[in-house]
Amino acid sequence: MKGLCIKHFRFLIFSACTLLLSSQAQAMESFRVHKTVLVTLPSSAESQSVEATCNDAVAIILPEDKTYIQGVEISVKVPQLVAEWHDSVAWFIYTGIQPRPTEKRIDYSGERAHVGTFGVSLRKTIQIPLVQNNTIRRDAYSEYLSLVPPEEDGMIFFRRQLAMKGTPNDLTNAKFEITVRPLLIDKGKLHLSTKAPDSAEVQPYTVFIDGKAVSDIENQLLDTGVHTLSLVSDSYRNEVRTFTISQAKTTDLTVQFRDITPLLLIAAPEGTLVFLDGEAVSNIKEPVAVSQGEHSVRFTVGDYEVVKQLSAVNGRTYTIAVNLDASISESE
């Protein structure tokens, strides 16, 4: 009979708490925590873990640069005792917390944005978006909150509190392991550096990514994967590169521009004399720079001579090959 009364008492307390917790109060409220634990959210695909008891608060400090962060995941390893006394501990998300949390501060006021309990599970995963339009993947093992904390908060305030009377004293001191990690967008950036020939000042050029002109490459978010970069300029040769974008990372790429002067590559047998516009070419193994326009190239091998005309255009490379052929005929 006594056990039945205790269970009945717990049921009444639980029912009252459930009714209270289901009310999503939007007014500012003042409260006290046992301790404040600070944790800084990494800006990369890493996680941070802390320990806290059921009456502690965890202030998750968001990084200033949230370019790649679209949300925060809070994963709570629930103590066995708390799971056995299911719904005995409630958790809250607050916004507009005042004053600014510190490890020595325990009295706060804020707006209760969301509340829940841990149930019977030994792990609770909460997903909190930082932007309304996001690509956070929902699943059956996580609770996705529809709220978006105000940008000016700069943090997520995660509080837990004993919500049931008649629980063992050990439950108050039970340790929760709380792990936070950023939920990242599946994009990255390209940091492009360019160098002019002979260390001169870089002249204007146009950037194309996957065939589309890009005006502000440094702030362009690109999908993960392989992309094609094209640099087009009236002062240099066109340059084409491929690069790979990784999630939430910036890829560095350096492009050395080449002179726009047309180049002539000569392929000829050993001993061939080559004349460009009447002047002998001293080293045919090296590229020969020519001006834009019409040119005459003469090849002399013994008594054999051939002349070719070339119309050179800036930014192009031309190859002239001289082939000596021999034929065999048979007769009786």
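With our numbering applied, the sequence shown covers 17 to 348.
Glycine included, every Cβ here is placed at the ideal spot set by N, Cα and C.
Query raised in the report: In terms of residue numbering, what span does the beta strand (DSSP E) encompassing residue 187 cover?
Result: Start at 1 with the first residue of the sequence shown, and residue 187 comes out as number 171. Taken as a continuous stretch (DSSP letters only), residue 187 belongs to no beta strand (DSSP E), being part of the alpha helix (DSSP H) at 185-188.
Query - Element boundaries [alpha helix (DSSP H), containing residue 96] - result: As a position in the sequence shown, residue 96 is number 80, starting the count at 1. 96-100 is the span of the alpha helix (DSSP H), which, as asked, contains residue 96.
Query raised in the report: In chain order, which alpha helix (DSSP H) runs of at least 4 residues are fully inside the stretch 55-115?
Result: 96-100
**Report entry** Entirely enclosed alpha helix (DSSP H) segments - the stretch 261-318, minimum 4 residues
**Finding:** none
Query raised in the report: Does the count of Cβ pairs from the stretch 266-275 and the stretch 120-134 closer than 8 Å reach three?
Result: no
Report task. Give the straight-line distance between the Cα atoms of residue 62 and residue 88, rounded to the nearest whole angstrom. Result -> Your numbering for residue 62 matches position 46 in the sequence shown. Your numbering for residue 88 matches position 72 in the sequence shown. Distance between the alpha carbons of residue 62 and residue 88: 12 Å.
Query raised in the report: Between the stretch 51-60 and the stretch 78-85, do three or more beta carbon pairs fall short of 8 Å?
Result: yes
Query raised in the report: Where DSSP assigns a beta bridge to residue 133, which residues make up the other side?
Result: Within the sequence shown, the letter at position 117 stands for residue 133. Note: residue 133 sits in a beta bridge opposite 106.
Query raised in the report: On the three-state DSSP scale, how would you describe residue 213?
Result: The residue you call residue 213 lines up with position 197 of the sequence shown. DSSP places residue 213 in helix when its eight states are reduced to three.
Report task. Name the residue from 133, 167 and 230 whose alpha carbon lies nearest to the alpha carbon of residue 145. Result -> If you number the sequence shown from 1, residue 145 lands on position 129. Selected option, being the one with the closest Cα: 167.
Query - the stretch 92-106 in contact with the stretch 210-226 per 3-pair CB rule at 8 Å - result: no
Query raised in the report: Considering only C-alpha positions, which residue in the set 313, 155 and 238 is nearest to residue 336?
Result: Reading the sequence shown from its first residue, position 320 is the one you call residue 336. Selected option, being the one with the closest Cα: 313.
Query raised in the report: residue 138: buried (16+ other C-beta within 10 angstroms of its C-beta) or exposed?
Result: Your numbering for residue 138 matches position 122 in the sequence shown. When all chains shown are included, residue 138 counts as exposed.
Requested in this report: Determine which residues share a DSSP beta bridge with residue 123 and list them.
Outcome: For the purposes of this step, residue 123 is identified with residue 107 of the sequence shown, where counting begins at 1. Answer is 48.
Query raised in the report: What three-state label does DSSP hand residue 144 in the structure shown?
Result: As a first step, residue 144 is located in the sequence shown; it is residue number 128 there, counting from the start. Correct three-state label for residue 144: strand.
Query raised in the report: Helix or strand or just coil, what does DSSP make of residue 233?
Result: Stepping through the sequence shown from its first residue, residue 233 is reached at position 217. It is helical.
**Report entry** Opening and closing residue of the beta strand (DSSP E) in which residue 323 lies
**Finding:** Counted from its first residue, the sequence shown places residue 323 at position 307. Counting along the chain, the beta strand (DSSP E) containing residue 323 begins and ends at 320-328.
Report task. Go to residue 225, then tell me how far its beta strand (DSSP E) extends in each direction, as first and last residue. Result -> Within the sequence shown, numbered from 1, the residue matching residue 225 stands at position 209. First-last of the beta strand (DSSP E) with residue 225: 222-225.
**Report entry** Short Cβ contact (8 Å threshold) for residue 176 with residue 72
**Finding:** Here residue 176 is taken as the residue at index 160 of the sequence shown, counted from 1. Here residue 72 is taken as the residue at index 56 of the sequence shown, counted from 1. Yes, they are a contact pair.
Query raised in the report: Would a C-beta distance cut-off of 8 Å place residue 173 and residue 132 closer than the cut-off?
Result: Taking the sequence shown and counting its residues from 1, one reaches residue 173 at position 157. Taking the sequence shown and counting its residues from 1, one reaches residue 132 at position 116. Against a cut-off of 8 Å, the Cβ pair of residue 132 and residue 173 comes out as no contact.
Requested in this report: Give the straight-line distance between the Cα atoms of residue 229 and residue 244, rounded to the nearest whole angstrom.
Outcome: If you number the sequence shown from 1, residue 229 lands on position 213. If you number the sequence shown from 1, residue 244 lands on position 228. Roughly 12 Å separates the two Cα atoms.
Query - Neighbourhood of residue 150 by C-beta distance below 7 Å, restricted to the same chain and skipping five residues each side - result: Mapped onto the sequence shown, residue 150 falls at position 134. Cβ neighbours of residue 150 beyond the five flanking positions: 86 and 87.
Requested in this report: Return yes when the Cβ of residue 109 is within less than 8 Å of the Cβ of residue 54, no when it is not.
Outcome: Here the question's residue 54 lines up with position 38 in the sequence shown. Here the question's residue 109 lines up with position 93 in the sequence shown. No, the pair does not count as a contact, with Cβ atoms beyond the cut-off.
Report task. Could you round the C-beta distance between residue 104 and residue 179 to whole angstroms and report it? I think they count as a contact, below 8 Å. Result -> On the sequence shown, position 88 is the one that residue 104 refers to. On the sequence shown, position 163 is the one that residue 179 refers to. That pair is a contact at about 6 Å.
**Report entry** Inter-residue Cα distance where the pair is residue 239 and residue 198
**Finding:** Position 223 of the sequence shown, counted from the start, is the residue given in the question as residue 239. Position 182 of the sequence shown, counted from the start, is the residue given in the question as residue 198. When rounded, the distance between both Cα atoms is 18 Å.
Query raised in the report: Looking at the structure shown, is residue 169 part of a helix, part of a strand, or coil, going by DSSP?
Result: Locating residue 169 in the sequence shown gives position 153, counting from the first residue. Helix, per DSSP.
Query raised in the report: Is residue 339 helix, strand or coil when you go by DSSP?
Result: Indexing the sequence shown from 1 puts residue 339 at position 323. Looking at residue 339 - three-state DSSP - the assignment turns out to be coil, as it is neither helix nor strand.
Query raised in the report: Leaving out five residues before and five after residue 237 in sequence, what residues of the same chain have Cβ atoms less than 6 Å from its Cβ?
Result: By 1-based counting over the sequence shown, the position of residue 237 is 221. The answer, listed in chain order, is 203.
Report task. May I ask which residues mark the beginning and end of the beta strand (DSSP E) holding residue 198? Result -> For the purposes of this step, residue 198 is taken as the residue at position 182 of the sequence shown. 192-200 is the extent of the beta strand (DSSP E) around residue 198.
Query raised in the report: Around the C-beta of residue 417, are 16 or more other C-beta atoms found within 10 angstroms, so that it is buried, or is it exposed?
Result: Nothing can be reported for residue 417: it is not among the residues displayed for the chain, which extend from 17 to 348.
Requested in this report: Decide if residue 205 is buried, meaning its Cβ has at least 16 other Cβ atoms within 10 Å, or exposed.
Outcome: Within the sequence shown, the letter at position 189 stands for residue 205. Residue 205 should be labelled buried.
Query raised in the report: Measuring CA to CA, which of 101, 134, 165 and 136 is closest to residue 76?
Result: One-based indexing of the sequence shown puts residue 76 at position 60. When each option's Cα is compared against that of residue 76, the closest is 165.
Query - According to DSSP, residues forming a beta bridge with residue 257 - result: Within the sequence shown, residue 257 is the residue found at index 241, counting from 1. Residue 257 is bridged to 245.
**Report entry** Closest by C-alpha distance to residue 213, when choosing among 187, 330 and 253
**Finding:** As a working mapping, residue 213 is identified with position 197 in the sequence shown. If we check each option's Cα against that of residue 213, 253 comes out closest.
Report task. Compute the Euclidean distance between the alpha carbons of residue 330 and residue 308, then round it to the nearest angstrom. Result -> As a working mapping, residue 330 is identified with position 314 in the sequence shown. As a working mapping, residue 308 is identified with position 292 in the sequence shown. C-alpha separation (whole angstroms): 6 Å.
Query raised in the report: Who pairs with residue 239 in a beta bridge, going by DSSP?
Result: Sequence index remark: in the sequence shown, residue 239 carries index 223 (1-based). Its beta-bridge partners are 203.
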